[in-house]
Structure formats: C-alpha cells, structure tokens
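Just so you know, we're using full-length UniProt numbering here: the sequence shown kicks off at 1 and counts up by one.
Notes for the one structure printed next.
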Amino acid sequence: MQAQLPGDWSLVDLQNHLGGIPLGRIRLFPPPGYATAQDVIDIQEQEDRLYELTDGILVEKTRGWYESLLAGLILTRLNVFLETHDLGLALGADGTLKILPGMVRIPDVSFIRWERLPAEPLPRRPVPERVPDLAVEVLSEGNTEAEMQGKLEMYFQAGVRLVWYIDPRTRSAKSYTSLTEVTLVDEHGVLDGSEVLPGFRLSLPQLFAIADRRKPG
C-alpha cells in the first residue's frame, strides 16, 4: 500500500521527515512511499543489509563495529539472566519486527515477555508482527536527535514499555518508561529492568570495561 507522502516533496523534505538523517541512509528504490515489509526481507536476503521501514520509506540501519560489540554484550548479559529468570525471549540485531502497520523496526536488542507471545510454536516469518516490551538502541554516528525522538514516539505508540538509548560517546544512557518519563544514567550508573525485567541490572561501567578489553600481553 502506498503511503500518503506529499507529491511535491524534495529530497530535503524527505530527509527532514526522517529526522535529518544522512541522505545516504535513504533508499530511493522502491520509491519513497511505496516500499513494504517484503522489501525489507528481500534486501536482507539478497544484499545482507538491514533496513527499517517508515511510511513506505526504507532507511538503512547502520552500526559501527563498536556499537555492534556493545549490542552483543548486552544481548549476552540478557540471555544469561533469562536462563534463571524465564520471563520471555531476547532478540539481537537481526530481530526485525513489524510494530505497527507500515512500520518495521530493528532494535539493537529487544525483549518480549511470554505474555506477548503465543502458546503455540513461534512463527517463522522473517518479520513477525510483534511489539517488544524492551527496545535497546545503541546510538551510532549517523543517528540524529530528531530521528531518535521519532523512533521513541513510534515505540511507545506501538506499546513498548521500556526503551534504553545507550550512547557510546558519553558512555551514558537514557531509560524511558514513556515519552515524558526518562531516567538519565551516567557513566557510573546502572540500567534497571524495572517491571519489564524485574531483577535485571546492566552496569554501564562493566559493559564498557568488557568492550574495551585489549589483547593480553
């Protein structure tokens, strides 16, 4: 289905609509407004590139190696916790989810409680229609403040309960339980899973210390 984008938009208008992201992240085929979740799947399978979908527009999900390392460490910590606290399932950086009609998101890490998952075997669809309870985004150089604010609004509109934004540059984080309720966690602090993941705590000093390890000797 075609998204209702103004017909007289320029590339600058499109860029502003997406939060001022670099133009290189916007895919122009299929034409903006015409892309679908199937296009997200096809590009992943054929080109091994990750794209999110917003209003029929494909936006590349970019990450550096350090951001990828941090996301992997967070996922590992979360899965270790879930081995003894069977609360749900955690997904990594390929966990593509359709959270709203025409909206496909790929959090760097996400967690879905059992209450939001079916009793029968999980569907094998590449892009299931599932809303996570927790969405974690590790900020990259190409992310803009406006882009991440738009993502935040979309997450809570879809029903996400907890969002963590982790900034490698400042080694700090923001924990959102709504659009207006945010906890700032500095480089010495700890992220708390609250009611979504009761008992789970992620120490930022420990996270970055592990990520910054060097070859022995």
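Glycine included, C-beta positions come from ideal geometry on N, C-alpha and C.
Glu52 sits in a strand when the DSSP states are folded into three classes.
Gly88 has Arg113 as its beta-bridge partners, per DSSP. Contact between the segment 99-112 and the segment 136-155 is present, with at least three C-beta pairs closer than 8 Å. Separation of the CB atoms of Arg116 and Val127 is rounded to 16 Å, and the pair is thereby denied contact status at 8 Å.
Within the DSSP secondary-structure output, Trp164 pairs in a beta bridge with Val136, Ser175. Within its own chain, the residues whose Cβ lies closer than 6 Å to the Cβ of Leu89, once the five positions on either side in sequence are excluded, are Ile112, listed in chain order. The DSSP-derived three-state label of Ser10 is coil. The alpha-carbon separation between Leu78 and Ser68 amounts to approximately 15 Å. Around the C-beta of Val80, fewer than 16 other C-beta atoms lie within 10 Å, and the residue is accordingly described as exposed.
Between Ala158 and Met103, the CB-CB gap stays under 9 Å. Excluding sequence positions up to five before and after Tyr165, its CB lies within less than 7 Å of the CB of Glu137, Leu139, Met148, Ala173, Lys174, all in the same chain and listed in chain order.
The straight-line gap separating the alpha-carbon atoms of Glu45 and Tyr51 is approximately 11 Å.
The DSSP-derived three-state label of Thr144 is coil. With respect to the C-alpha of Thr62, the residue from Gly24, Trp114, Asp13 having the closest C-alpha is Gly24. The C-alpha of Trp114 is placed about 12 Å away from the C-alpha of Leu197. In this structure, Thr96 keeps its C-beta atom at 9 Å or more from the C-beta atom of Val59.
The residue from Asn16, Gln38, Thr76 with its alpha-carbon nearest to that of Phe200 is Thr76. In terms of Cβ geometry, Leu204 and Arg169 do not form a close pair [threshold 9 Å]. Nearest neighbour of Gly193 by Cα position, chosen from Leu162, Gly217, Leu207, turns out to be Leu162.
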